[in-house]
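Here the structure comes first, spelled out in structure tokens, and everything after it is commentary.
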Amino acid sequence: MKSHSNSDGQLADLLGGGAAAGAAARGPAPAKSSSMSSLGGLDALSLDAVEVGAHTDLYAESAPAAAAAGGDEPELRRQLRAARAAEKHAKMKAALAEQQAKEASEATRRQQQQAHKQAHKERIESWRNKNKGNVRGLLGSLQTVLWEDSGWKPIGMGDLLEPAQVRKAWMKANLLVHPDKVRQRNGGDEQVAIADMIFDALKEAWGQFRN
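Throughout the sequence shown, residue numbering follows the numbering used here, covering 715 to 925 in sequence.
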């Protein structure tokens, strides 16, 4: 069995001059991802402010590792183990901060969308109830509830007489007001909120039309 002095010497090489050789052997360090480096745009966020109380089990050192260390663990080995644990915890804390930021941003977006829906609810509900179950009426008056510069060209009732005409107009309107399509066209939260309510009205009326 090798003496502790030999082990201490090897560990010293790892922590000191040997670190350079180890780094050379491992090659260049991988570049940090943009999400880890910026934390989703939270460059100014201090990781010390991240709440980790609900995740303490992830930060606790495993019992087997602590038991294996024993009471006669060399100081350099203990330091090396502590450094690895600190690095692991820092990465976990950074990932947690990024996740919390995403959740907060999503919650804010939903609140804003609800506010926009509330602002336009009365107008769109009036349009919907006036043409309740009448997909022709909804399509023929769609321009009255759309946002400005939506790109929709009004359709006359004479162009909605045949079922094939109704289907064609409905599909065109459906593509225009589908919430995901609006987002893909860089529509704002207000446009998405309006589109969502119109989409639901057209979907319901189309279902009744087909039946």
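All C-beta atoms in this analysis are idealised placements derived from N, C-alpha and C, irrespective of residue type, glycine included.
Check, Outcome
"Unbroken alpha helix (DSSP H) run spanning M885, endpoints", "P877 to V891"
"Close-in-space but distant-in-sequence residues of the same chain around S855 (CB under 6 Å, 5 per side omitted)", "none"
"Cβ-based neighbour list, V880, same chain, cut-off 8 Å, excluding 5 preceding and 5 following", "V849, R850, L853, L874 and F923"
"Per-residue burial, Q905 [other beta carbons within 10 Å of its own, 16 or more giving buried]", "buried"
"Among R824, E817 and W920, the one whose alpha carbon lies nearest that of A883", "W920"
"Where the alpha helix (DSSP H) containing I908 begins and where it ends", "D903 to R924"
"Straight-line gap, K835 to Q814 (C-alpha atoms, nearest Å)", "31 Å"
"Proximal residues to L889 (C-beta, below 8 Å), its chain only, five neighbours per side dropped", "K895"
"Among K846, H803, R795 and W866, the one whose alpha carbon lies nearest that of A887", "W866"
"First and last residue of the uninterrupted alpha helix (DSSP H) at K867", "K867 -> no alpha helix (DSSP H), and no H or E assigned at all."
"Whole-angstrom C-beta distance between W841 and T858, which should lie under 8 Å", "6 Å"
"Coil, strand or helix - R842 by DSSP", "helix"
"Contacting residues, own chain, Cβ-Cβ under 8 Å from E862 (five flanking each side not counted)", "none"
"Span of the alpha helix (DSSP H) around R937", "The displayed coordinates of the chain run from 715 to 925. Any statement about residue 937 would go beyond what the structure contains."
"Residues near L860 in its chain [Cβ-Cβ closer than 6 Å; skip 5 each side]", "W866"
"Residues near M871 by beta carbon distance below 8 Å, same chain, minus five either side", "R850 and G854"
"With 16 other Cβ atoms within 10 Å as the buried cut-off, status of E801", "exposed"
"Whole-angstrom distance between A796 and D786, CA atom to CA atom", "16 Å"
"Cβ-based burial, G741 [other Cβ within 10 Å; buried from 16]", "In this prediction, G741 scores a pLDDT of 48, lower than 50, which makes its location untrustworthy; the coordinate-derived value is nonetheless stated afterwards. It counts as exposed."
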